[in-house]
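Chains Z and G supply the protein sequences, listed in that same order.
The numbering used here numbers the first residue of the first sequence as 4 and each following residue consecutively.
The numbering used here numbers the first residue of the second sequence as 53 and each following residue consecutively.
Inspection log for the structure reproduced underneath, given as structure tokens.
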Amino acid sequence: MTITNDYLPILILILVGIGLAGMFTIIGLVVGPKLRTREKAAPFESGFLGKGMEGYRYDVKFFMTALVFLVFDVEIVFLYPWTVQIRELGWFGFVASMVFISVLVIGLAYDWKKGALEWE
Amino acid sequence: MNLLLEILSIPLVQTILKIVFMIMLFAMPLGTLMTLMERKWSAMVQDRVGPNRANVGSFRGHGLAHIAADGLKSIFKEDTMPEGSDRFLYLIAPFFGLIAGVSVFAIVPIAAPIGSFTFQITDIEPGLLFIFAITSLSVYGAVLAGASSNSKFALLGGTRASAQMISYEVFMGLALMGIFMVYGSTRVSEIVDGQNAYWFGSLIPKWGILTQPLGFLLFTTALVAETKRAPFDAPEGESEIVAGYFLEYSGMRWSAFMLAEYVAIVGVAALVTTLFFGGYHVPWLHLWESAPEWLVRVLQFAKFTAFVVFFCWFQIQLRWTVPKFRFDQTMALGWKKLLPLSLANTVATAAVILIFV
Numbered sequence: 004m005t006i007t008n009d010y011l012p013i014l015i016l017i018l019v020g021i022g023l024a025g026m027f028t029i030i031g032l033v034v035g036p037k038l039r040t041r042e043k044a045a046p047f048e049s050g051f052l053g054k055g056m057e058g059y060r061y062d063v064k065f066f067m068t069a070l071v072f073l074v075f076d077v078e079i080v081f082l083y084p085w086t087v088q089i090r091e092l093g094w095f096g097f098v099a100s101m102v103f104i105s106v107l108v109i110g111l112a113y114d115w116k117k118g119a120l121e122w123e
Numbered sequence: 053m054n055l056l057l058e059i060l061s062i063p064l065v066q067t068i069l070k071i072v073f074m075i076m077l078f079a080m081p082l083g084t085l086m087t088l089m090e091r092k093w094s095a096m097v098q099d100r101v102g103p104n105r106a107n108v109g110s111f112r113g114h115g116l117a118h119i120a121a122d123g124l125k126s127i128f129k130e131d132t133m134p135e136g137s138d139r140f141l142y143l144i145a146p147f148f149g150l151i152a153g154v155s156v157f158a159i160v161p162i163a164a165p166i167g168s169f170t171f172q173i174t175d176i177e178p179g180l181l182f183i184f185a186i187t188s189l190s191v192y193g194a195v196l197a198g199a200s201s202n203s204k205f206a207l208l209g210g211t212r213a214s215a216q217m218i219s220y221e222v223f224m225g226l227a228l229m230g231i232f233m234v235y236g237s238t239r240v241s242e243i244v245d246g247q248n249a250y251w252f253g254s255l256i257p258k259w260g261i262l263t264q265p266l267g268f269l270l271f272t273t274a275l276v277a278e279t280k281r282a283p284f285d286a287p288e289g290e291s292e293i294v295a296g297y298f299l300e301y302s303g304m305r306w307s308a309f310m311l312a313e314y315v316a317i318v319g320v321a322a323l324v325t326t327l328f329f330g331g332y333h334v335p336w337l338h339l340w341e342s343a344p345e346w347l348v349r350v351l352q353f354a355k356f357t358a359f360v361v362f363f364c365w366f367q368i369q370l371r372w373t374v375p376k377f378r379f380d381q382t383m384a385l386g387w388k389k390l391l392p393l394s395l396a397n398t399v400a401t402a403a404v405i406l407i408f409v
């Protein structure tokens, strides 16, 4: 099995996904009626004409979540090689991973204590 | 006849046939049926009859004609684009969900291989790591749809969806580490074959749900949260932000989002079946030694399909069993309960394997 044989099907599947979505988009644009009015083109605002997006603010919580996610997701990637080789690496691998996981847990405890996980 | 066999032995032709079968004959029809299944079962739970009026001539089929009627209806609806939206991002947002939805089926095996021919589109070495990569792709669909619509509700839904999906991705990976440890591989075929072993002679099959019960709960929760369905539907909460990130979409592009969601449901069911319920392996079938090979394959496919349909139903039933979480509850559940639990599960599984095996 070469790289091409194994991964070509995935490329084809991605193309199938793109093709499906493209087909949907094109059918909708070609077949559907086009009766545009000003009210219809306006973004939904519970029946009022909206004031637009000026002055819209995000909650900073979303950025905090993204930061915490980044740290955790990248660190967890380092654990996958250990999980599939656990029997070969034995107790040495276990202790090494525990040190790594304890760093992760300290990080989680710090985030928790600092309130990065609080959403009122 | 010989020419036909020769064409069929080309790997690329086999791959394309497998893809056509898995996507066009398995995932998509099941996904479309799910739309009706969901409406019918919701009606049943609420003591209603549900959709049954659409008809082709005198054929109603307990609402089956509604699938065709819904499809036709959305084709002939206007495709609107709100003023001030980012046209390019608005155009490409529906693509991500469908790409992620169909790509999941690349690694799901539906029957045991015959010789070198596998009933699996591709059996790559990273296996499930590929699934993690591809499901995170669907975050883009929600974020781009929300950000490009120039609508406050859509943007709210998009930010919520992104925060929820990346949070649950963290311990989705952690929850499966137990499975990787028990079966010693991330390759799907090896995990499935590992579940064909038995405890006490041939009494209890070593299914993932029995070796990793906590892992099963955590992983299923994470997957349901990834598809943004109830009880984790704060990003699309009808009662507060109307429809969430795809609020401004209409017509066929809206259908693309809905189809992606239902294909994702089937994908979730297929993954749970493959990882925790023995995949295609029918338990105790090896006791029947004289079983013809073709019948074994048919039984395996039937067992796989039955479990997939069951878990599709399970996700609908979940929607009507568990009350919906508020968004802060969703995030607190993920980071404060499920993440420490999945870390503990990983450590405990490792210790148990090293002590007893």
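We treat Cβ as the ideally placed atom computed from N, Cα and C, and that holds for glycine.
query                                                                                                                                                                            : result
How many angstroms separate the CA atom of G/Ile256 from the CA atom of G/Val244?                                                                                                : 15 Å
What first and last residue would you give for the alpha helix (DSSP H) that runs through G/Val191?                                                                              : Leu180 to Ser200
Just how far apart, CA to CA, sit G/Glu300 and G/Gly179?                                                                                                                         : 36 Å
Considering only the alpha carbon of each residue, which of G/Pro165, G/Ser394, G/Glu90 and G/Leu351 lies closest to Z/Val108?                                                   : G/Ser394
Any contact of the region 13-25 of chain Z with the region 135-148 of chain G, i.e. 3+ C-beta pairs under 8 Å?                                                                   : yes
Is Z/Thr40 close to chain G? Criterion is C-beta to C-beta, closer than 8 Å.                                                                                                     : no
Is the beta carbon of Z/Glu27 sitting closer than 8 Å to the one on G/Arg139?                                                                                                    : Strictly speaking, residue 27 of chain Z in this sequence is Phe, with Glu absent from that position. No, the pair does not count as a contact, with Cβ atoms beyond the cut-off.
Would you grab the beta carbon distance between G/Val324 and G/Thr382 for me? Rounded to a whole angstrom, and I think it's under 8 Å.                                           : Contact doesn't hold; Cβ gap of about 20 Å is too wide.
Is the separation between the beta-carbon of G/Trp387 and that of G/Ser219 shorter than 8 Å?                                                                                     : yes
Tell me, please, which residues DSSP counts as bridged to G/Ile166.                                                                                                              : G/Phe169
Whole angstroms are fine: how far does the CA of Z/Leu32 sit from the CA of Z/Gly110?                                                                                            : 50 Å
Can you look up G/Ile176 in the DSSP assignment and give me helix, strand or coil?                                                                                               : coil
Give me, in chain order, the residues of the same chain whose beta-carbon lies closer than 8 Å to that of G/Cys364; leave out the 5 immediate sequence neighbours on both sides. : Leu82, Met86, Met89, Ile317, Val318 and Ala321
For G/Arg239, is the classification buried or exposed, using 16 other Cβ atoms within 10 angstroms of its Cβ as the cut-off for buried?                                          : buried
The alpha helix (DSSP H) that contains G/Ser110, what's its start and end?                                                                                                       : Looking at the DSSP string, G/Ser110 is not in any alpha helix (DSSP H), and its letter there is neither H nor E.
Check whether the Cβ of G/Met310 lies closer than 8 Å to any Cβ atom in chain Z.                                                                                                 : no
Taking the alpha-carbon positions, what's the G/Ile127 to G/Gly303 distance?                                                                                                     : 6 Å
Is the Cβ of G/Pro165 closer than 8 Å to any Cβ of chain Z?                                                                                                                      : no
Against chain Z, with Cβ distances strictly below 8 Å, would G/Lys129 count as a contact?                                                                                        : yes
With distances taken between CB atoms, is the gap from G/Ile71 to G/Ile173 smaller than 8 Å?                                                                                     : yes
With three or more C-beta pairs closer than 8 Å as the rule, is the region 349-362 of chain G touching the region 291-299 of chain G?                                            : no
Helix, strand or coil: how does DSSP classify G/Tyr332 here?                                                                                                                     : coil
Relative to the alpha-carbon of G/Met229, which residue among G/Val334, G/Val399 and G/Gln66 has its alpha-carbon at the smallest distance?                                      : G/Val399
In chain order, what are the residue ranges of uninterrupted alpha helix (DSSP H) at least 4 long that sit wholly in the region 4-92 of chain Z?                                 : 6-34, 41-44, 63-80 and 83-87
Could you list the residues in the region 9-22 of chain Z with a C-beta less than 8 Å from some C-beta on chain G, going in chain order?                                         : Asp9, Tyr10, Leu11, Pro12, Ile13, Ile15, Leu16, Ile17, Val19, Gly20 and Ile21
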